[in-house]
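Have a look at the structure below, then the notes.
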């Protein structure tokens, strides 16, 4: 049976302890929280998962434990993007062995590459992968904005979808147009505010970071979008807008989104909020702001 990628697939954060080990208790609670919220899949080792900052050993431990806890209830996607080609293959092989359902591939970061070099890379990589492949367009972190032509080549090689985190709606429309004859190629966005437009204009879902702490909100917004329920979309999008303008704006630097997400989960007593180096978790003042925003959000929904 073909893997169907759709709906809300949270880019799960990686729960860590103070000494940098995997927070196993928190991981289990987080997975149960996500599944209880109705998510359609879980994406491990993405940007919010701090993948590049984790050792290979810790990545493998996370994959193994997460797959054990999820027990096949939802598809598991694993990010294998790495500066090392063999490193990507190693994590992909471990993901297969652990029971994951797909791997996610973005351009190797650090060294800038061209579209032609990316195609050559995919021609060598995808045939060696043991699981279905989803592409990941994250130009802010990889220096390369995947072209439609590159993605068409990826699809020819066997890729089953694209997660686009460029935030470029015109690019999204070009994706829908390019793949309209192949609806089995999933178009998933990473920009939470675009979820309704994504579904209404032919996309398949969202890898929404906010679904780490409010999974049901994003699942409800996805369902409302599928039903074209404009009143419900408006109400739910206001809640997503609130998150974007409060929890995601605490602290400095672009790392505040991942920090805020982890902090919210800690305040909700789901898992610890320690970060992988070089990042550090929020201090008390910032943590209290997140707590205040969560309390305010809950009071607004009553």
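Residue numbers (our numbering): 19 to 320. A virtual CB, placed ideally from N, CA and C, is assigned to each residue, including glycine. Since the model is a prediction, treat every value here as computed from it, not as a measurement.
- Measuring CB to CB, does residue 268 end up less than 8 Å from residue 304? Sequence index remark: in the chain shown, residue 268 carries index 250 (1-based). Sequence index remark: in the chain shown, residue 304 carries index 286 (1-based). In this structure, residue 304 lies closer than 8 Å to residue 268 by Cβ.
Length at least 3, wholly inside the region 108-169: the beta strand (DSSP E) runs in chain order: Restricted to the region 108-169, the beta strand (DSSP E) segments that are unbroken, complete and at least 3 residues in length are 120-123, 151-155, listed in chain order.
- Item | Residue from 137, 272, 206, 228 whose Cα sits closest to the Cα of residue 220 | On the chain shown, residue 220 is found 202 positions in, with the first residue counted as 1. That would be 206, whose Cα lies nearest to the Cα of residue 220.
In the DSSP assignment, what residue or residues form a beta bridge with residue 278? Position 260 of the chain shown, counting from 1, holds the residue named residue 278. Answer is none; residue 278 lacks a bridge partner.
Exercise for review: Could you check how far apart the C-beta atoms of residue 168 and residue 120 are, in whole angstroms? I think they sit under 8 Å.
Suggested key: On the chain shown, residue 168 is found 150 positions in, with the first residue counted as 1. On the chain shown, residue 120 is found 102 positions in, with the first residue counted as 1. So it is not a contact: roughly 19 Å between Cβ atoms.
First and last residue of the alpha helix (DSSP H) that includes residue 44? For the purposes of this step, residue 44 is taken as the residue at position 26 of the chain shown. Here the alpha helix (DSSP H) through residue 44 covers 42-54.
- Query: If we ignore side chains and look at the alpha-carbon of each, how far apart do residue 311 and residue 301 end up?
  - Reply: Translated into the one-based positions of the chain shown, residue 311 becomes position 293. Translated into the one-based positions of the chain shown, residue 301 becomes position 283. Going by the C-alpha atoms only, they are around 16 Å apart.
Check your understanding: Apart from the five residues on each side of it in sequence, which residues of its chain come closer than 6 Å, Cβ to Cβ, to residue 126?
Key -> For the purposes of this step, residue 126 is taken as residue 108 along the chain shown, with counting starting at 1. Sequence-distant Cβ neighbours of residue 126 in its own chain, meaning closer than 6 Å and more than five residues away, are 101.
Per DSSP, which one or two residues make a beta bridge with residue 94?
Residue mapping note: residue 94 aligns to position 76 of the chain shown, counting from 1. BP columns for residue 94 point to 60.
Checklist entry - Cα separation between residue 255 and residue 313? => result The residue given as residue 255 occupies position 237 in the chain shown. The residue given as residue 313 occupies position 295 in the chain shown. When rounded, the distance between both Cα atoms is 18 Å.
Requested in this report: Report back the beta-carbon spacing between residue 147 and residue 172 to the nearest angstrom; my notes put them in contact at under 8 Å.
Outcome: Sequence index remark: in the chain shown, residue 147 carries index 129 (1-based). Sequence index remark: in the chain shown, residue 172 carries index 154 (1-based). With a Cβ gap of about 11 Å, residue 147 and residue 172 do not count as contacting.
Where residue 67 and residue 199 are concerned, what is the direct C-alpha to C-alpha distance, given to the nearest angstrom?
Counting from one through the chain shown, the residue named residue 67 turns up at place 49. Counting from one through the chain shown, the residue named residue 199 turns up at place 181. Their backbone Cα atoms lie some 33 Å apart in a straight line.
At the level of alpha carbons, what is the spacing between residue 98 and residue 196?
For the purposes of this step, residue 98 is taken as residue 80 along the chain shown, with counting starting at 1. For the purposes of this step, residue 196 is taken as residue 178 along the chain shown, with counting starting at 1. In this structure, the CA atom of residue 98 is about 26 Å from the CA atom of residue 196.
Quiz prompt | Same chain, Cβ closer than 8 Å to residue 274, five either side skipped, listed in chain order | solution = Residue numbering aside, residue 274 sits at position 256 when the chain shown is read from its first letter. So the list reads 266, 267, 268, once near-sequence residues are dropped.
Residues in the same chain with beta-carbon distance under 8 Å from residue 242, minus the five sequence neighbours each way, listed in chain order, please. Here residue 242 refers to the residue found at position 224 of the chain shown. Result list for residue 242: 214, 250, 251, 254, in chain order.
* Measure the alpha-carbon distance for residue 372 versus residue 174 and round it to whole angstroms. => Lying before the first or after the last residue shown, residue 372 is absent from the chain, which here runs from 19 to 320.
Does DSSP put residue 83 in a helix, a strand or coil?
Taking the first residue of the chain shown as 1, we reach residue 83 at position 65. DSSP, reduced to helix, strand and coil, places residue 83 within a helical segment of the structure shown.
(message) Run through the DSSP bridge pairs and tell me what residue 224 is partnered with.
(response) Taking the first residue of the chain shown as 1, we reach residue 224 at position 206. DSSP, once it has assigned bridges, lists 26, 207 as partnering residue 224.
- For residue 79 and residue 73, the rounded distance between their alpha carbons: Residue numbering aside, residue 73 sits at position 55 when the chain shown is read from its first letter. Residue numbering aside, residue 79 sits at position 61 when the chain shown is read from its first letter. If I take the Cα positions, the gap works out to 10 Å.
### Query
Closest by CA to residue 230, which one among 89, 49, 246, 257?
In the chain shown, residue 230 corresponds to position 212, counting from 1. Minimum Cα-Cα distance from residue 230 among the listed residues 89, 49, 246, 257 corresponds to 49.
Exercise. Tell me which same chain residues have a C-beta within less than 7 Å of the C-beta of residue 292, skipping the five on either side of it?
Worked result: Counting from one through the chain shown, the residue named residue 292 turns up at place 274. If you ignore the 5 residues before and after residue 292, its C-beta comes within less than 7 Å of the C-beta of 34, 35, 36, 299, all in its own chain and listed in chain order.
Which listed residue (83, 47, 103) has its alpha carbon closest to that of residue 288 | Locating residue 288 in the chain shown gives position 270, where the first residue counts as 1. Comparing Cα positions, the closest option is 47.
Can you tell me the Cα-Cα spacing of residue 116 and residue 85, whole angstroms?
The residue you call residue 116 lines up with position 98 of the chain shown. The residue you call residue 85 lines up with position 67 of the chain shown. Cα to Cα, residue 116 sits roughly 6 Å from residue 85.
What does DSSP give as the partner residues of residue 88 in its beta bridges? Taking the chain shown and counting its residues from 1, one reaches residue 88 at position 70. DSSP lists no bridge partner for residue 88.
Between the beta-carbon of residue 81 and the beta-carbon of residue 112, is there less than 8 Å?
Residue mapping note: residue 81 aligns to position 63 of the chain shown, counting from 1. Residue mapping note: residue 112 aligns to position 94 of the chain shown, counting from 1. Contact annotation: residue 81 and residue 112 have beta-carbon atoms nearer than 8 Å.
- With DSSP as the reference, please indicate the residues paired to residue 179 in a beta bridge. Along the chain shown, read from residue 1 onward, the residue named residue 179 stands at position 161. According to DSSP, residue pairing for residue 179 in a beta bridge involves 152, 204.
**Prompt:** Taking the alpha-carbon positions, what's the residue 248 to residue 217 distance?
**Reply:** Indexing the chain shown from 1 puts residue 248 at position 230. Indexing the chain shown from 1 puts residue 217 at position 199. So the two alpha carbons sit approximately 12 Å from each other.
Query raised in the report: With C-beta atoms as the reference, is residue 57 less than 8 Å away from residue 29?
Result: Sequence index remark: in the chain shown, residue 57 carries index 39 (1-based). Sequence index remark: in the chain shown, residue 29 carries index 11 (1-based). Against a cut-off of 8 Å, the Cβ pair of residue 29 and residue 57 comes out as no contact.
* Does DSSP put residue 34 in a helix, in a strand, or in coil? -> Stepping through the chain shown from its first residue, residue 34 is reached at position 16. Under the three-state reduction of DSSP, residue 34 is assigned to strand.
Report task. With a cut-off of 8 Å on the beta carbons, I'd call residue 155 and residue 164 a contact; round off their distance for me. Result -> Locating residue 155 in the chain shown gives position 137, where the first residue counts as 1. Locating residue 164 in the chain shown gives position 146, where the first residue counts as 1. Confirmed, about 4 Å.
### Query
In the structure shown, what three-state DSSP assignment does residue 237 receive?
On the chain shown, position 219 is the one that residue 237 refers to. The answer is helix: DSSP assigns residue 237 an H, G or I state.
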